[in-house]
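Asks: Got a structure here, written out as structure tokens. Questions coming.
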Amino acid sequence: METFESGKILFEKVIAGGWNWSHIIKRGTAVRLTDLEGGANVSALFYNGTNFSERYNMGDTLKIQHISYLAKGCCIYSDMGRILMSITDESCGWHDVICGVSDAGLIERRFGKKSYQQFKNSFYRNGYDSLLVELGKHGLGRRDFTETVNFFSKVAVDEDGNLSFAENASRPGDYVELRAEMDTLLVLDSGMHPLHPSKSYLEKPVQITISTCAPALPDDLCRSFCPENERGFINTEQYHL
2 METFESGKIL
12 FEKVIAGGWN
22 WSHIIKRGTA
32 VRLTDLEGGA
42 NVSALFYNGT
52 NFSERYNMGD
62 TLKIQHISYL
72 AKGCCIYSDM
82 GRILMSITDE
92 SCGWHDVICG
102 VSDAGLIERR
112 FGKKSYQQFK
122 NSFYRNGYDS
132 LLVELGKHGL
142 GRRDFTETVN
152 FFSKVAVDED
162 GNLSFAENAS
172 RPGDYVELRA
182 EMDTLLVLDS
192 GMHPLHPSKS
202 YLEKPVQITI
212 STCAPALPDD
222 LCRSFCPENE
232 RGFINTEQYH
242 L
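Sequential numbering from 2 applies to the sequence shown in the working numbering.
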């Protein structure tokens, strides 16, 4: 966890399970997400913090780095070939980028309906609507909804193409650290993963810590992860000239 050991902590907050949060993470800072109880899921959206029309592109992120999930050393690419954030450290080894988020219909079919009008803040939330609420705070809406990254969640694919959710992939204290390579609007939902087999509605809290950090050096792990990442860092650095 070198990023946070060498930086100055600027902000810290616990997001209750099933709640949403967003902030523009400035270049020169980093975010650490920590699973406090184990079994958490954090669905994330990413946008250029100064031009929201540029946003995370799952296809390019996977194709450029020859990967099917995110782990330490991987970068999160925008649709302009620039790096929004890079994963400088993490302890799970696998973060899902394929399965998206839950919606209201899925939650109701599996757990029943608990409306805000009846249950107030104990109502059942879903990932899609939760993220839309947070996007609205920045003038964004349905047309701006993109692919999501599900931090702390592992989903494997067998030879027949079937998806299987790996329970207990994240333990109490597991974390992921994201360094902002450009000002990035980070939008989060801490609701359960859509493939989680739990028979009860899960609410797992996650801690967010924002810290100052140094820029990527020439021998940085994320920069040297693959030759294409070197070009991605150059594109991003030229954007800031």
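Cβ coordinates follow ideal geometry from the N, Cα and C atoms, glycine included. Fair warning: this is a prediction, and the values are worked out from it, not measured in the lab.
(1) Determine contact between the stretch 153–168 and the stretch 46–58, defined as no fewer than three beta-carbon pairs at a distance below 8 Å.
(2) Per the contact definition of three or more C-beta pairs closer than 8 Å, is the stretch 181–201 in contact with the stretch 12–27?
(3) State yes or no: is the C-beta of Y202 within less than 9 Å of the C-beta of F112?
(4) Using three-state DSSP, classify N49 as helix, strand or coil.
(5) With a CB to CB cut of under 6 Å and the five nearest residues on each side skipped, what residues in its chain are close to D61?
(6) Would you call A244 buried or exposed, if buried means 16 or more other Cβ atoms sit within 10 Å of its Cβ?
(7) Tell me the residue span of the alpha helix (DSSP H) that contains L132.
(8) Take the Cβ of V15 as the centre, count every other Cβ of all protein chains shown within 10 Å, and call the residue buried at 16 or more, exposed below.
(9) If M183 and S103 are in contact, beta carbons under 8 Å, what's the gap, nearest whole angstrom?
(10) Would you tell me roughly how many angstroms separate the C-alpha atoms of K27 and V43, rounded to the nearest one?
(11) Does the stretch 215–229 touch the stretch 65–78, meaning 3 or more C-beta pairs lie closer than 8 Å?
(12) Note down, one range per segment and in chain order, each beta strand (DSSP E) of at least 3 residues found wholly within the stretch 54–91.
(13) Rounding to the nearest angstrom, what Cα-Cα distance links L107 and P195 in this structure?
(14) Could you tell me if N58 is buried or exposed, where buried requires 16 or more neighbouring beta carbons within 10 angstroms of its beta carbon?
Replies: According to the data block:
(1) no
(2) Yes, since at least three Cβ pairs between the stretch 12–27 and the stretch 181–201 fall closer than 8 Å, the two stretches touch.
(3) yes
(4) strand
(5) Y78
(6) With the chain covering 2 to 242 only, the question about residue 244 has no answer from this structure.
(7) 128–137
(8) exposed
(9) Contact doesn't hold; Cβ gap of about 29 Å is too wide.
(10) 20 Å
(11) Under the 8 Å Cβ criterion, the stretch 65–78 counts as touching the stretch 215–229, having at least three qualifying pairs.
(12) Annotation: the stretch 54–91 contains the following complete segments of the beta strand (DSSP E) (minimum length 3 residues), in chain order: 76–78, 84–91.
(13) 8 Å
(14) With 16 or more other Cβ atoms inside 10 Å of its own Cβ, N58 counts as buried.
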